[in-house]
Every structure is written in structure tokens, then in C-alpha cells.
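Enquirer: My structure is below; once you've seen it, I'll send some questions.
There are 2 protein chains.
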Amino acid sequence: METDNATPRWLTEDEQCAWRTYLAVNRLLTYQMEKDLQPFGLTMNDYEILVNLSESEDLRMRMSDLATATLQSKSRLSHQITRMENAGLVRRENCESDRRGLFAVLTDEGHATMKKVAPHHVASVRKHYIDLMTPESLASLRATLKPIAEHLRTQRGKP
Amino acid sequence: METDNATPRWLTEDEQCAWRTYLAVNRLLTYQMEKDLQPFGLTMNDYEILVNLSESEDLRMRMSDLATATLQSKSRLSHQITRMENAGLVRRENCESDRRGLFAVLTDEGHATMKKVAPHHVASVRKHYIDLMTPESLASLRATLKPIAEHLRTQRGKP
DNA sequence: CCTAGAAAGTTGAAATTCGAACCATCGGTG
DNA sequence: CACCGATGGTTCGAATTTCAACTTTCTAGG
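Protein chains in written order, with UniProt numbering: chain A, 1 to 159; chain B, 1 to 159.
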């Protein structure tokens, strides 16, 4: 008989507003970042990978680790790296210790691109996000979101 | 000579952390919401359209308005509605006053689906977002994000 | 009235993403 | 050592998204 018909706890006015605002910022911001990166021929995805690689030991990362770090499926990353490889930003290299494995390695060109684009991207992030809030707001936001990120990380299987 | 080489204002440690956390929540949350909707055969996109329609006068909206409301391109929305039409959730109807125009109208089935799914979706939003913060955090977050949404809305052209 | 844009939507092809199936190698166990 | 389930990655086909035409209808100016 139990067909799960407990009265749902609907969102209050405020909660609803908060949620929708969040969703809106989410999309609008993504759109804007994407747009600001476009003149350099990069997507957010490209950029994030460049960041990860350039912050890594030897400018390289195992495909798996990169997939985990950027929260993408293995399949998607594989395609993504192929495209970036064609664009000359990245190169695949075999892993000695595990012959199944591959590294994605930042090329010189990739590194140069990174250096050129980073300032613009940072400016964009500031202009459309960071600089629009007070340091207190930022701190509060971070404190609120951090545990949520943790929670969500534990929830998910392998995307 | 001006080649735009002012020293960029890099992000501070805290800012960097806030930004990355935001990005992470962004993706993880989207992923989770999507996943929780999957058993009902809906995507976030589907759901959002159902919400918009069910909150509208006569359960209908002009394609353009719907596109604007959901922040999608006309093209994307058109395909989207076609799919939902095939799924029986929505139906297209001509506009009397403007013969170029079309309405997307919620069907009975669409309305029923909405009613069935909404409680689960709300529960999901609570579980993975709203209920993970205090009311104060939520209020603060809303207050911070609201102006950002405004700013971003003014920035963008037609996606 | 006529015409040149603009606006509303659709369409089709190309690019991206997803999911499942697949291949090869690893690591542990009997 | 030989087997077997896990890991690391790629690949293929289907679904989704994007981008650039294209059609039809409006609207405003002359």
C-alpha cells in the first residue's frame, strides 16, 4: 500500500528564489566564461585541462586522474584530449610502469597558450564573479559551498 | 605600443578556492539532479520547461519567451520541444495574433508527469542543496548571487 | 501601397556528449 | 604458473547541442 505519498516539503518562497537564482547564475556564468574564452579558440573544458596539466608534476597527468579531476567520463576526456592533441596543445605519452596507461602531456605550445590566456581568463572571472562580491560574501559562500561539494562527491558513482 | 600587458590581478588563495569550489558544486550538482530525474525519463531541461509551462497562464508559452526564460537558443529549444512533443508532454499550437508565432502547450500527460515528478525533484534539491545549509547561509547566498545574476543578464547578447 | 529590414521559428549538418561494449594489461589467488 | 575479476583507455552508435542558413510574417518608412 505504501506508494510513497508523504506530503512533500515544498520549497519556501525564499528557498525557491535562492535555488532559481543559483541555477540562473550557473548558466549565465558558464555562458559568459565560454564566450570570453572563445576569442582564444578555447572552451572552459580545454582551459580546465590546461590548468590541471600545468599545475602538475612534469606537466603531465594520467588520463584517469585527469578525468577524475575534471569530473568527466573517461569517454568524454578521451575525445577531448584527441581534439586538443589535434590542436597541438597536448600530446599522449605511454606510461612505463603500467602499460595500459597513458599520460596527457602539455606541449610547449599548450604551455604558451596557457600563459597567454590565463590573464584574460582571470580578468573574466573577476569581472563577472569575484569582484561582484565583498570579501565577506566570498568567504561565506565558500564556507557554504565547500561541504556541499564534499557531500556531492561522496554521492556520485563514476560519471 | 599598448599590447595590454598590465600585470594581471591573480586570484588570492581564498578567491581561487572559492571559485574552484563553485565550479565543482556546479557540475556535481547538475550531475546529481540529472541522475535523480533519470528514472522518470526526464532531463533537467525537460523539467525546467514543464515548470515554466505549468506556471504560465493557460499552461502555454510562446517559443521565444520560453527560450528566453530557460536561457536557451531558439534552435535548441525547437529541437527540445520536438522531442517533448514526441514524448507526449507538450504540443505546439498556432498563435492567432501573430502568425509567425507558436505556443508550446502543456498536455494533460505533461501536466500529470509534472505532478508526479515534482515531489521527487524537490526532495532531490533539498537533499543535495537546500537542506545542506542553514537558513542564514541560504539567505546570504541568495543576496550575493542575485546581483550577479542581474549583472550577467545585462552582459549577454542572444545565446 | 510597397519595400527593406527585423523577428519568430524551423531545419540540416557538423561537433560534442553519453553509454555501453570492447581490448589490453594488472594483480591477486589457488 | 594460470585464471579471473578489476583497471585504464578507446571506440562505436545514439542522443544532444551548436551554428549557419532559410521561410514566413511583421513593421516601419517613404
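Every residue, glycine too, gets a C-beta built ideally from N, C-alpha and C.
Would Ala24(A) pass as a contact of Leu11(B) if the rule is Cβ separation under 9 Å?
Expert: Contact: no.
Enquirer: Which residues share a DSSP beta bridge with Met61(B)?
Expert: DSSP, once it has assigned bridges, lists Ala104(B) as partnering Met61(B).
Enquirer: Compute the beta-carbon to beta-carbon distance between Leu42(A) and Val105(A), rounded to the nearest angstrom, for a pair I have assumed lies under 8 Å.
Expert: The pair is not a contact, with the Cβ atoms about 18 Å apart (cut-off 8 Å).
Enquirer: Which of the three DSSP states is assigned to Arg92(B) in this structure?
Expert: Residue state, collapsed to three classes: strand.
Enquirer: Give the C-beta separation of Ala32(B) and Arg156(A) to the nearest angstrom, bearing in mind that I take them to be a contact with Cβ-Cβ under 8 Å.
Expert: This sequence places Gln at residue 32(B); Ala is not what is there. Their Cβ separation, rounded to whole angstroms, is 7 Å, which keeps Gln32(B) and Arg156(A) in contact under 8 Å.
Enquirer: If contact is defined by three or more beta carbon pairs under 8 Å, each pair taking one atom from either stretch, is the segment 97-115 of chain B in contact with the segment 125-134 of chain B?
Expert: No, the segment 125-134 of chain B does not touch the segment 97-115 of chain B.
Enquirer: Say whether chain B places a C-beta atom closer than 9 Å to the C-beta of Ala24(A).
Expert: Chain B, which has a Cβ nearer than 9 Å to the Cβ of Ala24(A), makes this yes.
Enquirer: Quick one: Cα of Asn86(A) to Cα of Val122(A), how far?
Expert: Between Asn86(A) and Val122(A), the C-alpha separation is close to 26 Å.
Enquirer: Which residues of chain B have a Cβ atom closer than 7 Å to the Cβ of Met133(A), listed in chain order?
Expert: The contacting residues are Thr144.
Enquirer: How is Leu132(B) classed by DSSP in three states: helix, strand or coil?
Expert: The answer is helix: DSSP assigns Leu132(B) an H, G or I state.
Enquirer: Ala18(A) and Leu152(B) - do their beta-carbons sit closer together than 9 Å?
Expert: Contact: no.
Enquirer: Quick check: what's the CA-CA separation for Glu13(A) versus Met44(A)?
Expert: Rounded to whole angstroms, Glu13(A) to Met44(A) spans 33 Å at the Cα level.
Enquirer: Around the Cβ of Asp36(B), are there at least 16 other Cβ atoms within 10 angstroms (buried) or fewer (exposed)?
Expert: Buried.
Enquirer: State the CB to CB distance for the pair Leu29(A) and Ile49(A), rounded to an integer number of angstroms; the pair is presumed to be in contact (CB under 8 Å).
Expert: Not quite, the Cβ-Cβ distance comes to about 19 Å (not below 8 Å), so this is no contact.
Enquirer: Within 9 Å of any Cβ in chain B, is that where the Cβ of Lys74(A) sits?
Expert: Taking Cβ atoms only, chain B never reaches closer than 9 Å to Lys74(A), which makes this a no.
Enquirer: Check the Cβ-Cβ distances between Thr82(B) and every residue of chain A, and say whether any is below 9 Å.
Expert: For Thr82(B), the answer is no, since every Cβ of chain A falls outside 9 Å of its Cβ.
Enquirer: Report the residue from His120(B), Glu57(B), Asn52(B) and Thr82(B) whose alpha carbon sits nearest the alpha carbon of Tyr68(B).
Expert: Reading off the sequence shown, one finds Thr at residue 68(B), where the question assumed Tyr. Checking every option, the nearest Cα to that of Thr68(B) belongs to Asn52(B).
Enquirer: Using a C-beta to C-beta distance shorter than 9 Å, which residues of chain A count as neighbours of Asp14(B)?
Expert: Per Cβ cutoff of 9 Å: Pro135, Leu138, Ala139 and Arg142.
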